[in-house]
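A.B. asks: Chains G and B are the protein sequences, given in the same order.
For what it's worth, the numbering used here labels the leading residue of the first sequence as 5, then goes sequentially.
For what it's worth, the numbering used here labels the leading residue of the second sequence as 5, then goes sequentially.
For every residue, glycine included, the Cβ atom is placed at its ideal position computed from N, Cα and C.
Quick one: the structure is below, and I'll ask about it shortly.
Protein chains: 2
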Amino acid sequence: MVDSWVNSAEAIGADLHLELAGQGGRRAALTRALREAVRSGRLAPGTRLPPYRSLAADLGVARNTVADAYAELVAEGWLTARQGSGTRVAPRGTPLRRAERVPAAVSPRARGPRHDLRQGTPDVSAFPRTAWLASYRKALQQAPNEVFGPGDPAGRRELREALAEYLARARGVRAEPDRIVVCSGFAHALRLLFGQGAGGVLRGPLAVEAYGLGFHRELLSTAGVRTVPLPLDGQGARVDLLERGRAGGAGRGVRAVLLTPAHQFPTGGPLRASRRSAVVDWARTRGGVVLEDDYDGEFRYDRKPVGALQGLDPERVVYIGSVSKSLSPALRLGWMVLPGRYVDEVVAAKGDREGWVSVLDQLALADFLGCGAYDRHVRRTRQRYRARRDRLVAALAARVPYVEVTGIAAGLHAVLRLPSGTERSVVEAAARRGIALDGLSAFRHPGSEMPARDGLVVGYAAPSEHAYGAALDALCEVLEAEASPGGRGPEAPQDKGDPEAP
Amino acid sequence: MVDSWVNSAEAIGADLHLELAGQGGRRAALTRALREAVRSGRLAPGTRLPPYRSLAADLGVARNTVADAYAELVAEGWLTARQGSGTRVAPRGTPLRRAERVPAAVSPRARGPRHDLRQGTPDVSAFPRTAWLASYRKALQQAPNEVFGPGDPAGRRELREALAEYLARARGVRAEPDRIVVCSGFAHALRLLFGQGAGGVLRGPLAVEAYGLGFHRELLSTAGVRTVPLPLDGQGARVDLLERGRAGGAGRGVRAVLLTPAHQFPTGGPLRASRRSAVVDWARTRGGVVLEDDYDGEFRYDRKPVGALQGLDPERVVYIGSVSKSLSPALRLGWMVLPGRYVDEVVAAKGDREGWVSVLDQLALADFLGCGAYDRHVRRTRQRYRARRDRLVAALAARVPYVEVTGIAAGLHAVLRLPSGTERSVVEAAARRGIALDGLSAFRHPGSEMPARDGLVVGYAAPSEHAYGAALDALCEVLEAEASPGGRGPEAPQDKGDPEAP
């Protein structure tokens, strides 16, 4: 009985919203309603109308009534009928809005710069489509029915177990499934932690590194959270200033600090061991909490391991990661490993009935991690990015040896030091040549007391493999013209830089 | 060259985070680090270790060094080695946390009530797995590479175009792709519109229907938005009170109203035509805006069409829908059709770098809509739910004819009127018999001046097909015992109810 309706008139076809009203019979009313739907543009040219019998069943009229109405509108030119293609709304003589539309496949970024050396995106051509589809298929086929009902707001248990195992093994995180909360990515984690003003799990002010992502600072500022910049030196962020209650004079009352310990973003060094223990000690003695943004922890190219800071004290560190660098930012999938006391509040902030992340994607990632496909993909792309980094370093050494490259032991970007005062002209010259990249100053906290440094943040992951060489060429040309000791920069002499600065 | 590394030692295997330190040679340091990782529980029992050569390559040691360290730990009992299964962390004698874990497939809901008659969930066994997988596969295989990079914060163009066509055809929405913003569901739409206190696109106070979802009221309250209840009568919400600035005396300053015009939630009637034009007139003359929650607009069982209110004035109505009732709440996928003036602000509230919804899911839904699979699924499940509604009505008529059923022309739930004062005892008696359902009072706005009505909100979509009959039986038994004119309710005489009340 369950399936008997599949072949009935009401189960096939498509929905079409029509209100039959006014004078005359049903046929006249139907014709009028259809004509109005087409004339007003509600039904776009090319829209396929339902078969006679399904619309007739929906409206409770005879099949011939629908056939007659369709025929009348075909005769009037509103509809077209062709064998095998059904009845459709006729194309219009004058090109209207929908005909002018931008081809769907072209995003602003794809239409954008000739050479994309912006940080933040993995190589989009490397997405493991076949392996991901295999995991998605398995997840969808094996999912019990309850998967499609309301779920656990913390995220699927399967994913939290797979993440706990992976993060412990690969990143040294001390994770338990019950302390993991799945979210849409790092920014979502920040939103959940700091909430809406008074409603957050944590409260500002929040100490941050003097260089970081402006997008995060804005998000925090919108949430009413004041950020206090910590200077950077050769050891990493000056977390010692937290202990002394200084942090640029504004650090009083700071109970939370956001760090990128594995690979400072964007300047590139790790937080050294003494600073790691110092910040955990601070959190313990002052009742503080450390937010660890492990945004590209998988991509380390030397053999000196930099595990998660969280391993030092899972009760004092919130570990935050995502697939945005390792797989793609298009998946919108991240996670937090939380101190036990925050779990319930963060889950409540997510919203009892809002999971945010597709449960099928969560199950797919659980399978992808469990079957080793995630490790394989990370190890493959790590090699690819390492080779790109080597090409960048070699090209710069050969053509602009006076430009120092830093922050290259890990990650998907490097920082190029520029002579003082030249950053803006270099970025502008690059833009004129179709190279998109960011100057270092774009990442500087506006309240930082650190002297501003000139530099470029060069992302080497975004271009496709075949486009990378040309992007490097173009970059070297700009640097030759704008940043050479004899170049056109306002202060040509090379700036050796302070070894304690980023 | 690009693929040459695929077979190298570094590209296979898995990541394992180890810090080699301390005295003795590399082998001693490796053995120590591995033992500590197992002893501390960071590496869970059963975790598979990387092959010798991949770990050796990662650590920069000889392959034999790794082999010797593994062998030593196998001898000590920390690891196990078996042909074909590799080297793994040994199981422990005492059952630890991970051994006690709940079987992953069982969610709290699945372990929950024997009979699930709660509103809000579609039939989880009806999810169209095959058709959805086909669309997902097509989307993934045909996607241009740029899909995996940063995307349009409004949502993929392909999906917005498919939605515009579908919503115009099936729901009478006047939609253009440029006015559609993709989001995670209705609650996300509310969050985007009302933001964080001062930051929202819209401001409170917000007029709402006197009966509605408490979850939405709480979300608004957390965002600092005061809600003002509008009474309901036989015509739907008393939107006429907005015009007179009354709305229970608290409506002054109200410039936004949230309605469920197609099928009042949960009481079930449509907003009548005169009220529809009245609320749009109010919005035009007072500069107000109507939020239309079209949560189950696809599921209408009579032939009287109730199209979207938005069609009356796209510049005054925000139309909000999702796949949560039509496909599954597990997908976390919804949309808004916005007045032109709100589009930029809503996109900004989403966050420039946060899409919230997986781009692959967006492309899959675009295909699913475009190929007609969505229509087919909606029409099939509509028949299934109609049949269930008919069974509910027939069972109640046969066994408890004194219980009036209302709100049954549409949707996935019905409202049963109960004799005054019996609701609580009926809900409790149902719980004792393993039936989960909600009393009507759970949906009443606490500030409403409407007299409270006793009733049950019975969701008939959630049980699987084979479990539905038993759930109906159990429900009828409870009603026979607790709500009959001669039953045990505190006020046995049947309450005929006010015809103007919901």
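Which chain G residues are close to Gly-17/B, counting only those with a beta carbon under 8 Å from its beta carbon?
C.D. replies: Here the question's residue 17/B lines up with position 13 in the second sequence. Neighbours of Gly-17/B on chain G, chain order: Asp-379, Arg-383.
A.B. asks: Is DSSP giving Cys-480/G helix, strand or coil here?
C.D. replies: Along the first sequence, read from residue 1 onward, the residue named residue 480/G stands at position 476. Three-state result, Cys-480/G: helix.
A.B. asks: Could you give the first and the last residue of the continuous alpha helix (DSSP H) run that contains Asp-297/G?
C.D. replies: Here the question's residue 297/G lines up with position 293 in the first sequence. From DSSP, Asp-297/G is part of no alpha helix (DSSP H) but of the beta strand (DSSP E) over 293-297.
A.B. asks: Val-125/G: which of Ala-466/G, Tyr-472/G, Ala-37/G sits nearest, CA to CA?
C.D. replies: Indexing the first sequence from 1 puts residue 125/G at position 121. A small correction: the amino acid at residue 125/G is Thr; Val does not occupy that position in the sequence shown. With distances taken between Cα atoms, Thr-125/G lies closest to Ala-466/G.
A.B. asks: Going by C-alpha distance, which of Asp-19/G, Gln-314/G, Gly-199/G is nearest Ala-227/B?
C.D. replies: By one-based count along the second sequence, residue 227/B stands at place 223. Checking every option, the nearest Cα to that of Ala-227/B belongs to Gly-199/G.
A.B. asks: Between the segment 37-48 of chain G and chain B, which residues of the former have CB atoms less than 7 Å from a CB of the latter, in chain order?
C.D. replies: Hits within the stretch, in order: Arg-46, Leu-47, Ala-48.
A.B. asks: Val-128/B: which of Ser-89/G, Gly-153/G, Glu-408/G, Val-186/G sits nearest, CA to CA?
C.D. replies: Walking along the second sequence from the start, residue 128/B turns up at place 124. That would be Gly-153/G, whose Cα lies nearest to the Cα of Val-128/B.
A.B. asks: Which first and last residues belong to the beta strand (DSSP E) in which His-449/G is found?
C.D. replies: As a first step, residue 449/G must be located in the first sequence, where it is residue number 445. His-449/G -> no beta strand (DSSP E), and no H or E assigned at all.
A.B. asks: Could you name the residues of the same chain whose beta carbon sits closer than 7 Å to that of Thr-51/G, not counting the 5 residues immediately before and after it, in chain order?
C.D. replies: Residue 51/G sits at position 47 when you count from the first residue of the first sequence. Once the five neighbours on either side are set aside, the close Cβ partners of Thr-51/G are Arg-92, Val-93.
A.B. asks: Could you list which residues in chain G have their beta carbon closer than 9 Å to that of Ser-330/B, in chain order?
C.D. replies: As a position in the second sequence, residue 330/B is number 326, starting the count at 1. None at all; the shortest Cβ gap to chain G is about 11 Å.
A.B. asks: Are Ala-368/B and Ala-143/B closer than 7 Å when you measure CB to CB?
C.D. replies: Translated into the one-based positions of the second sequence, residue 368/B becomes position 364. Translated into the one-based positions of the second sequence, residue 143/B becomes position 139. Their beta carbons are under 7 Å apart, which means Ala-368/B touches Ala-143/B by this criterion.
A.B. asks: Near Ala-3/B, which residues of its chain fall below 7 Å by C-beta distance, leaving aside the five closest residues on each side in sequence?
C.D. replies: The structure shown has nothing for residue 3/B, since chain B only spans 5 to 506.
A.B. asks: Any idea what DSSP makes of Thr-51/B, helix, strand or coil?
C.D. replies: If you number the second sequence from 1, residue 51/B lands on position 47. Here Thr-51/B sits in coil by DSSP.
A.B. asks: Using a C-beta cutoff of 7 Å, does Ala-487/B count as contacting chain G?
C.D. replies: Sequence index remark: in the second sequence, residue 487/B carries index 483 (1-based). Not an interface residue.
A.B. asks: According to DSSP, is Ser-44/G helix, strand or coil?
C.D. replies: Within the first sequence, numbered from 1, the residue matching residue 44/G stands at position 40. Here Ser-44/G sits in coil by DSSP.
A.B. asks: Any residues in the segment 351-364 of chain B with a beta carbon nearer than 8 Å to a beta carbon of chain G? Which ones, in chain order?
C.D. replies: Correct list: Gly-355, Asp-356, Arg-357, Glu-358, Gly-359, Trp-360, Val-361, Ser-362, Val-363, Leu-364.
A.B. asks: Rounded to whole angstroms, what is the Cα-Cα separation between Gly-415/G and Val-350/G?
C.D. replies: Reading the first sequence from its first residue, position 411 is the one you call residue 415/G. Reading the first sequence from its first residue, position 346 is the one you call residue 350/G. Their backbone Cα atoms lie some 29 Å apart in a straight line.
A.B. asks: With DSSP run on the structure shown, which of helix, strand or coil describes Pro-233/G?
C.D. replies: Position 229 of the first sequence, counted from the start, is the residue given in the question as residue 233/G. If DSSP states are grouped into helix, strand and coil, Pro-233/G belongs with the strands.
A.B. asks: Using the C-alpha atoms, what's the distance from Val-404/G back to Ser-488/G?
C.D. replies: Position 484 of the first sequence holds residue 488/G. Position 400 of the first sequence holds residue 404/G. The alpha-carbon atoms of Ser-488/G and Val-404/G are separated by roughly 7 Å.
A.B. asks: Using 8 Å for Cβ pairs, my map puts Pro-233/G next to Ser-452/G. What's the rounded Cβ distance?
C.D. replies: Here the question's residue 233/G lines up with position 229 in the first sequence. Here the question's residue 452/G lines up with position 448 in the first sequence. Sure, about 4 Å apart at Cβ, within 8 Å.
A.B. asks: Once you ignore the five residues that flank Arg-242/G on each side, which residues in its own chain have a CB closer than 6 Å to its CB?
C.D. replies: Taking the first residue of the first sequence as 1, we reach residue 242/G at position 238. For Arg-242/G, where only same-chain residues beyond five positions count, the Cβ hits under 6 Å are Leu-234, Pro-235.
A.B. asks: If you count every other CB in all the chains shown that lies within 10 Å of the CB of Asp-19/B, and 16 or more means buried, which is it?
C.D. replies: Taking the first residue of the second sequence as 1, we reach residue 19/B at position 15. That one is buried.
A.B. asks: Taking DSSP as the reference, what is the three-state secondary structure of Trp-286/G?
C.D. replies: Within the first sequence, the letter at position 282 stands for residue 286/G. Three-state result, Trp-286/G: helix.
A.B. asks: Beta-carbon within less than 7 Å of Ala-33/G's beta-carbon, same chain only, minus the 5 sequence neighbours each way: which residues are those?
C.D. replies: Against the first sequence, residue 33/G aligns to sequence position 29. Within the same chain, Ala-33/G has close Cβ partners Leu-24, Ala-25, Gly-26.
A.B. asks: With a cut-off of 7 Å, does the C-beta of Phe-303/G fall near any C-beta of chain B?
C.D. replies: Translated into the one-based positions of the first sequence, residue 303/G becomes position 299. No, no contact with chain B.
A.B. asks: Report yes or no: is there a C-beta of chain G within less than 7 Å of the C-beta of Val-128/B?
C.D. replies: Translated into the one-based positions of the second sequence, residue 128/B becomes position 124. For Val-128/B, the answer is yes, since a Cβ of chain G falls inside 7 Å of its Cβ.
A.B. asks: Residues of chain G with CB under 8 Å from Asn-149/B, in chain order?
C.D. replies: For the purposes of this step, residue 149/B is taken as residue 145 along the second sequence, with counting starting at 1. Correct list: Val-128, Ser-129, Phe-131, Ser-468.
A.B. asks: Run through chain G and tell me which residues come within less than 7 Å of Glu-319/B, C-beta to C-beta.
C.D. replies: The residue labelled residue 319/B in the question sits at position 315 within the second sequence. The premise fails here: Glu-319/B is roughly 15 Å from chain G at the closest Cβ pair, so nothing lies under 7 Å.
A.B. asks: For the alpha helix (DSSP H) containing His-192/B, name the first residue and the last one.
C.D. replies: Within the second sequence, numbered from 1, the residue matching residue 192/B stands at position 188. 190-198 is the span of the alpha helix (DSSP H), which, as asked, contains His-192/B.
A.B. asks: Roughly how many angstroms lie between the CA atoms of Ala-471/G and Tyr-323/G, to the nearest whole one?
C.D. replies: By one-based count along the first sequence, residue 471/G stands at place 467. By one-based count along the first sequence, residue 323/G stands at place 319. Cα to Cα, Ala-471/G sits roughly 35 Å from Tyr-323/G.
A.B. asks: Whole-angstrom Cβ separation of Gly-311/B and His-21/G, contact assumed at under 8 Å?
C.D. replies: Here residue 311/B corresponds to residue number 307 of the second sequence, with the count starting at 1. Here residue 21/G corresponds to residue number 17 of the first sequence, with the count starting at 1. Indeed, because the Cβ distance is near 5 Å, the residues count as touching under 8 Å.
A.B. asks: State the Cα-Cα distance for the pair Arg-307/G and Ala-413/G, rounded to the nearest angstrom.
C.D. replies: Taking the first residue of the first sequence as position 1, residue 307/G is located at position 303. Taking the first residue of the first sequence as position 1, residue 413/G is located at position 409. Roughly 9 Å separates the two Cα atoms.
A.B. asks: Based on the DSSP secondary-structure assignment, which residues constitute the bridge partners of His-119/G?
C.D. replies: Reading the first sequence from its first residue, position 115 is the one you call residue 119/G. DSSP output for His-119/G lists Ile-439/G as bridge partner(s).
A.B. asks: Terminal residues of the continuous alpha helix (DSSP H) containing Glu-169/G?
C.D. replies: One-based indexing of the first sequence puts residue 169/G at position 165. Note, Glu-169/G: alpha helix (DSSP H), 161-175.
A.B. asks: Kindly list, in the order they appear in chain G, the residues whose Cβ is closer than 7 Å to that of Glu-23/B.
C.D. replies: To locate residue 23/B, count along the second sequence from 1; it is residue 19. The contacting residues are Pro-309, Gly-311.
A.B. asks: Residues of the segment 181-199 of chain B in Cβ contact with chain G at a cutoff of 9 Å, in chain order, please.
C.D. replies: Going along the segment 181-199 of chain B in chain order, one finds Pro-181, Asp-182, Ser-188, Gly-189, Ala-191, His-192, Arg-195, Gly-199 with a Cβ nearer than 9 Å to chain G.
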